[in-house]
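Heads up: the sequence shown is residues -21 to -1, 1 to 1197, going by mature numbering (1 follows the signal peptide of the UniProt record, and there is no 0).
Here a beta-carbon is modelled for each residue, glycine too, at the ideal position from N, C-alpha and C.
Computed from a predicted structure; not experimentally measured.
See below for the structure under consideration.
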Amino acid sequence: MKKFLLLIFLLSFALGRSQGAAPGDPGRNSWDVISLFSGAYTNLPGTNFNPFWGQTNNHPNNMTTPSYGGDEVRQYQNTGSYQGTETQSDVNVSAMTRFHIEIYSSTLTSIRLSLIKITAGTVEIPTTLPLIPGQWNVFDIDISGPAFAAIRPNFRQIKYDQPAGAGNIQNLIVDNLFFWRPATLQPPTVGTFTVPAQSVGAAPFTLTPPTSNNTSPFTYTSSNTAVATISGNTLTVVGAGTSTITALQVSDGIYGPSSTPATLTVSFPAPGPSPTPPPRSASNVVSMFTGTPTTYANVVNAIRAPWTAGTTMTEIPNGSNTCLRLENFGYLGYITPGANFSVVGMTKLHVDIYLNTPISNMFVVLLAPGDQMYNTGPLVAGWNSLDINLSAYPGANLANIYGIKFEQNVGPTRQIYLDNIYFYVAGTEPTITDFTLPEKVFGDAPFTITPPTSNSAGAFTYSSNNPSVATVSGNTITITGIGTATITASQAANGIYDAGSITAPLVVAAPPLTTPAPTPPARNPWDVISLYSNAYSNVPSVAWQGVSALSDEVLAGNDTKKMSNFLIELVNFAGTNVSQMTTLHMDIYTTDCTGFNIWLLNNGDRNAQFFPTLNTWFSVDIPLSTYANNGLNLANIIQLKFESLNGPGKTVYVDNIYFYRPATLLPPTVGSFSVPAKNVGDATFTITPPTSNNTNPFTYTSSNTNVATIVNGNQIQIVSGGTTTITASQAQDGTYGPSSATALFVVNFPPPGPSPIPPARDPDTVISMYTGTPSTYANPVGYTMIRAPWTAATTLTEIPNGSNTCLRVDNLGFLGYVTSTEPVRFSVVGMTHLHLDVYVNTAFSNLFFWLLTDGDQRRDIVDLQPGWNSITIDLNEFSGANLSNVYGFKFEQNQPGPLQIYLDNIYFSNDTYYMDADGDGFGNPASPVIGQQIGAVMNDNDCDDTRASVRPGAPEVCFDGLDNDCNGVIDNIGQPGGCTPIVSTIPTATCGTEVAYGGIVYSSWVTGAQGYRFRVTEVNPADDSEIPGTQVIVDMVLRNLYLHNLSNYKYNAKFKVEVAVRFNNVWQPTYSAPCFLLTPTPVSSMIGCGTQVTGINTQIFSTIVQRSNGYRYRVQRLDSSLQPAGPVQEITSGIRNFTFASVTDFRYDANYSVSCAVRNTDGSFLPYGPSCTIQAPKHPTTQVRGTQCNDYAVTSYSERISADAVQSAAQYRFRLFN
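Laid out in structure tokens, this is it:
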């Protein structure tokens, strides 16, 4: 008990000694902190500081909450392999930049802390924190970098774990866990922001901003411009769907920025009334749905099928009754809830489908045993009436229908409407013709429809698909707008005729415009740049492109442009500087274009939008800052583009297109301004000002102070080479306005000194592209290098340099240096390096160099220093380059402004050397090295690097077996001055004969010969061509060859034999003329012909054949006349015998024809030998087993009496005597 008390005391001392309260963090704004645990801030609710994640030795009591110095902490002891903290839900800490934590441990010297997200895949970012035991350690982890990008929007967990192998977390105390950012202004208090739901076609409307104590105005953005766009505070509906509209404020100096989102929902308008089904006899209709109240009594009270997935179905009011609205439509089953029903006798299926937007096709599936599908083809926006012949469902059991399935697979789910789903008996279709409508002008009076002609007496009713253009009441059309409407004349069924319909277009044009655009105000000519206006002088280069149907109109004497069938129109003009103007003005009149994009083009294009009032002149003034703030360079505008925001086919009038600014003083007349070119090192000089009738003095600026600076007010001090724009400026003097004149100042670098001189090289080891004029290395014939035609502004000039020339490259952005206009391809296979000398005037960090071939290859040339830089590139650095198909190089730089460089000595070289072990001056091709080394030479011509006497040009020594002069021919046999070969030949009488197995072949005696070498090859008998893989070489002391001992020996074959001799202790390289020899075709003859074998297992032998390891016996039963009577059987054996036990057609006492073939050494079998007759053994006899004979007493009537067994017997017959 005493030990136990002592242990408790020691633990308490170790964990609870007076570490005091955590240091805490300097006070921060509450809006700049997201706190998990701290007494100084409001903590997130529901945070779990002792989660169980499966770690070893975790226990609920391992985490305690003591207080030190009055400050509550989270204390972990013996908490297993790791511990952590988990928030109640994901926390977005994207606005924060640091994570703060304070850690105390009496034992740990480090801890690994991981910030973790778990939503949509776990991401864990660990940070190892060093700890000083026995004191509080304060950390602020930077979470603003890309490493924590995945964590910030969805932070959820913190994990603490020990260094590897350190075991349990024995003692860990944490406090003040929070995310923070540097102090910001207090967020404003922003009220509720809502955007009312809209319908497609709704007019633009002004957004109502939320309340805010931040005084900055709100700006707005739309997350989905396919649903809505925003200009200023005006929202324009574009299409159906949802978009997040965000109201934004910048800081006003007292409160920080705000961002408040609201969801805008845009729906399609409800459909107009569906078509009314014609009167039909009840016996001719099987109805599933015709609204409530029904047009036809429903035979089937259909329901939404339970197996329908996300599609919902709702019955809603529509016209005089109801229809079915389908949301999230992918597919819908519309089925009977009870027994299947019959439509036998019906001929058509009718259904009305309403679509908000067109669709390329839908499927209408008739549900019966073996479902049948019908493809509708394209369907238009609005009501589509389908009358489907039931013959379109071949094989459908019309007596057993249980419903219909509607399906679409074009794009995402959508909203549709269904009505009038019924089967019916079709009558005769009426013939309806002669339905036309006169063209009208907006403003014309209502008029009466002239009905079409028809062979049916059914009554006509009329409808319009576009009420915004025309409405119909009875047979009267009232014009409501400009455009096109389709008028449908629907005829009711009558007598034998079905209902029918015919359509005609009604085109309503805008009335001719006679009112001109407003007259622009008088402006100073210098305050206006006009593109199109009678009020001002227009830029002379303006050209309308005529993308729309463009015409010139004169309205009350005023020129006006009319754009018909308008979607876009382009106005082109010479580059014009409008940077001093403030506003773009134009006057627009349109009857049908509800929104415009107005684009200005220069270095890309930027747009502004506006939404005019229709049917009146609409004056637009667009601040040019709209374009400049989006990055457009206003100094060189070249095009203005009009674009419709609500589709093609619009009619637009436009006038008075000009840029302007508020009135200014008359610009002064300023004379020409120039600055003479200088060289680096020239003295500071005074600028000569231009003349001007503005009396104020000029001031000056330099656009590139790295080239030149302005000193003493009117002097230029040269800094370095390059170009800069010097601007001379005057302020207004009360009579004349300000002026600004520019001059290009060029500072030239001194020309480069002579480029390095390339070393002398073997012409075979270099392929030169350029080494000056005259060239150091001869350039390849036909490879004239030129500046590539696709090079832009970069120029290439050959200039004198030292003893020859080099290439000067000016305005380098990129330069192609290629073989010709149609590039000639060349090979640098065999080369190892590419060399070039590059001269730069100032240090340059990176020049991109491209080897042009199949799949161009880039290598960066870095750290270029002023002066000549010799660059040697290992061609292995161009991994994957096709070195057999090179056509040039490309140089490129991406630094601001153009660059001047010089190039020289561009060539490929083979820098491969070869070790020369024998020192004869010729290298070993098997020992290449890169670069000059001791004992290496540049050629690889030695054929034996172990003998200095063997080398190109050495005298040939006869019969030493060496190619002394390395020409590839030993002893130079057959060449002038060559040696006479020593050979042994096989006698002519022997050649062409068959050599018996065991026979000896002799070759001729050669005096002094020390051995004979026989080269033996099997050949094809037909043409004596060698059979691959059959050649063997046999070395003999004597001149005799035992053919049958060769490893490639084969019966019934033809061999080519050649002989060489060993002389002077060297096998001579020359073989004799070939001699062809044949081998025999042996047979194995049967032994025991004409005899009868004694038993079925008696072995039947044939004669042995040397080197054969297989025998094949052909066996056939004969009849009593010794003629074939049974099938032929082949029996293969590894030894030279077989037994009748192997014969499948065996019969006792029968005669058999037997012959044998032997296996050749290559595994094939030779022909069969002669056959002979061998008789099978006599019929065997048997008897009752001896144990059951001789007065044996049978024990029971069921005991079996057995005979001795006979091999191959099929049955036994017992004869009993009483």
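Going by DSSP, Tyr515 is part of no beta strand (DSSP E) at all; its letter is neither H nor E.
DSSP places Tyr606 in the uninterrupted alpha helix (DSSP H) bounded by Ser604 to Ala607.
Between Leu365 and the set Cys958, Asp331 and Ala241, the nearest pair of CA atoms involves Asp331. Only exposed fits Val841, as fewer than 16 other CB atoms lie within 10 angstroms of its CB. Of the residues assessed, Gln387 falls on the buried side of the cut-off, its CB having 16 or more other CB atoms within 10 angstroms. For Thr967, the closest of Val690, Gln879, Val451 and Leu1056 by C-alpha to C-alpha distance is Leu1056. As computed with DSSP, Ile383 is found in a beta bridge with Tyr313 and Leu345. The alpha-carbon separation between Val278 and Met267 amounts to approximately 6 Å. Residue state for Pro132 is assigned as helix, using DSSP reduced to three classes. Nearest to Pro490 by alpha-carbon distance, out of Lys419, Glu1178 and Ile852, is Lys419. Under the three-state reduction of DSSP, Gly479 is assigned to strand. The region 676 to 685 makes contact with the region 702 to 717: 3 or more CB pairs, one atom from each, lie closer than 8 Å. Under the DSSP assignment, Ile122 falls outside any beta strand (DSSP E); it carries neither an H nor an E label. Ranked by Cα distance from Leu534, the first of Thr493, Val521 and Val507 is Thr493. Around the Cβ of Ile475, a 10 Å sphere holds fewer than 16 other Cβ atoms; the residue is exposed.
In terms of CA proximity to Glu65, Ser14 leads the group Ile666, Ser14 and Ala607.
With fewer than 16 neighbouring CB atoms inside 10 Å of its own CB, Trp286 falls in the exposed class. Excluding residues up to 5 positions away in sequence, Ile152 and Asp154 lie with their Cβ nearer than 6 Å to the Cβ of Val52 in the same chain. Burial is judged here by how many other beta carbons sit within 10 angstroms of a residue's own beta carbon; Gln470 has at least 16 and is buried. Ile1006 carries a coil assignment under DSSP once its states are collapsed to helix, strand and coil.
The DSSP-derived three-state label of Ser1121 is helix. Using a Cβ distance threshold of 7 Å, Ser1087 and Val1137 count as a contacting pair. Sorting Ile461, Trp505, Thr770 and Phe552 by C-alpha distance to the C-alpha of Ser799 places Thr770 at the top. The shortest CA-to-CA distance from Val1122 to any of Asn1076, Thr1166 and Val1163 is the one to Asn1076. Taking C-beta separations shorter than 8 Å and ignoring five residues to either side along the sequence, the partners of Asp477 in its chain run Pro257, Ala405, Gly406, Thr407, Glu408 and Pro409, following chain order.
Listed in chain order, the non-local C-beta contacts of Asp600 below 6 Å within the same chain comprise Thr562 and His564, local neighbours out to five positions each way being set aside. For the beta strand (DSSP E) assignment, the uninterrupted runs of no fewer than 3 residues enclosed by the region 205 to 285 are, from N- to C-terminal side, 207 to 210, 213 to 216, 220 to 228, 237 to 246 and 264 to 268.
Every beta strand (DSSP E) stretch that sits fully inside the region 784 to 817 and reaches 3 residues is listed by chain position as 793 to 797. The three-state secondary structure of Glu935, taken from DSSP, is coil. Contact between Leu369 and Met341 is absent: CB atoms are separated by about 18 Å, not below the 8 Å threshold.
Residue pairing by DSSP places Pro296 opposite Thr301 in a beta bridge.
Within the region 1078 to 1146, the runs of beta strand (DSSP E) at least 3 residues long that lie entirely inside it are, in chain order, 1090 to 1097, 1108 to 1112 and 1130 to 1137.
Of the residues Asp899, Asp890 and Asp119, the one whose Cα lies closest to the Cα of Pro907 is Asp890. If you check the CB distance, Phe1080 and Val1038 do not come in under 7 Å. Looking at the DSSP output, Met1015 bridges to Tyr991.
Ile746 is not a Cβ neighbour of Phe870, given a cutoff of 7 Å.
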